[in-house]
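All remarks here apply to the structure that follows.
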Amino acid sequence: MLSKKSSLIGLLLFVGCLSSFEHLQSNIIGLFIRKAFPHHLATLSKEQWQEIEGVFHEMSLDLNNYPVIQTNNYGCAAALGSTVLVLETAFFTDHDEKERRAILGHEAGHILNNHMSRGLIQTFILIGILGNTYETLMEKLLKLFEKDSNILSDAENKQTIISASMLFILPFFMVPLIGTIMRHHEKEADLDSAQRLKSTSGLLSFFESIKDGTIHKQPPRPPLSLMRLHSSLISHITRYVPFHPSIDERIAYVKEEENIQKMLDDLIPELEV
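The opening residue of the sequence shown carries number 402 in this note's numbering; numbering runs sequentially from there.
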């Protein structure tokens, strides 16, 4: 019982520290990226930097705090760790201005909402709750058979069985729950982009291009890189558990946001009168 309490206390302390030092964590990750991967840092024109900076400003973020890197290993853009903005090499040529604004707004939404830290906190809380629940149920289950088994009568053997089985069984419950959290984060970033940039047309255009298959195809990827490994791992997991809402679902809630914005635009002049 003491071990359970200790692990729970440790979990809460970890979550507390992660929340308290979120800004420091972002600065450390940003500094590490600038020092460790200088060859990946984006080389953009003055106009391109100004475009990104303008969107981040509208999203209430300072671009100077977030390193921008370019790679062929992601679809079009990503916010790694809610700290680093990743742009696909052909980002400025494959998307028109309204799509670029929407995509940059979406990634800025991830940063603005601290989705990395929030996701980690939510995941560790889930691990704590599910892990303790599973351990309690397994202890009760094994207790039913310990009289008939010399192996189960030994406390150390019993704990080994519980820990080993947890490694195999817990992911089947964890991954779908993490998928639900991440889909919520994606929706939140979509809506933040639409609301703060006061436009839904870029998002809708981008989603429609994905749906009808006109979005650009990925160029050949390098044989081995840390980013490719990460991208490959995520793509394998998402075959079974989607980390993004479906395209139809995203189009539906963005159109709903569009209708809300139109209603507000019609209502405001009437209130001013």
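Note that the Cβ used here is the ideal one computed from N, Cα and C, for glycine as well.
How is residue i classed by DSSP in three states: helix, strand or coil?
{"i": "L462", "result": "coil"}
{"i": "K618", "result": "Note that K618 scores 45 on pLDDT, short of 50, meaning its location in the model is unreliable; the coordinates nonetheless yield the value given after this. Coil at K618, not helix or strand."}
{"i": "V655", "result": "helix"}
{"i": "N660", "result": "helix"}
{"i": "V456", "result": "helix"}
{"i": "A480", "result": "strand"}
{"i": "L445", "result": "coil"}
{"i": "V674", "result": "Note that V674 scores a pLDDT of 48, beneath 50, so its modelled location is shaky; the value from the coordinates is reported in the next line. Here V674 sits in coil by DSSP."}
{"i": "V642", "result": "coil"}
{"i": "T581", "result": "helix"}
{"i": "D601", "result": "Inspection of the sequence shows that residue 601 is occupied by Thr rather than by Asp. Here T601 sits in coil by DSSP."}
{"i": "D709", "result": "One cannot answer for residue 709 here, as it falls past the ends of the chain, which runs 402 to 674."}
{"i": "S647", "result": "coil"}
What is the residue span of the beta strand (DSSP E) that residue i lies within?
{"i": "T537", "result": "T537 -> not in any beta strand (DSSP E); alpha helix (DSSP H) instead, spanning H516 to K544."}
{"i": "L488", "result": "V485 to E489"}
{"i": "T472", "result": "V469 to T472"}
Comparing the C-beta of residue i with each C-beta of chain D, is any distance below 7 Å?
{"i": "I582", "result": "Annotation note: the requested chain D is absent from the structure, which comprises a single protein chain."}
Taking the alpha-carbon of residue i as reference, which of the options has the nearest alpha-carbon?
{"i": "Q471", "options": "A443, F525 and H585", "result": "A443"}
{"i": "L543", "options": "T534, G529 and Q560", "result": "Q560"}
{"i": "K588", "options": "E452, P468, A491 and I648", "result": "I648"}
{"i": "R519", "options": "H585, P643 and I661", "result": "H585"}
{"i": "A480", "options": "L445, M517 and Q662", "result": "M517"}
{"i": "H450", "options": "E459, M460 and V469", "result": "The amino acid at residue 450 is misidentified as His; the sequence shows Trp. Ranking the options by Cα distance to W450, first place goes to V469."}
{"i": "E658", "options": "L592, I512 and V642", "result": "L592"}
{"i": "I611", "options": "R651, V642 and G580", "result": "R651"}
{"i": "E536", "options": "L568, E508 and L668", "result": "L568"}
{"i": "L705", "options": "F493, D666 and I504", "result": "As shown, the chain starts at 402 and ends at 674. That puts residue 705 outside it, with no answer to give."}
Identify the residues that DSSP records as bridge partners of residue i: which are they?
{"i": "Q451", "result": "According to DSSP, Q451 bridges with nothing at all."}
Considering just the uninterrupted stretch of the alpha helix (DSSP H) at residue i, what are its terminal residues?
{"i": "T494", "result": "F492 to D495"}
{"i": "K499", "result": "E498 to L513"}
Flag this pair as touching only if the segment 595-603 and the segment 571-582 have three or more C-beta atom pairs under 8 Å; answer yes or no. no
Using a Cβ distance threshold of 8 Å, determine whether the segment 489-498 contacts the segment 519-529, with at least three qualifying pairs required. Flag = no, the segment 489-498 and the segment 519-529 do not touch.
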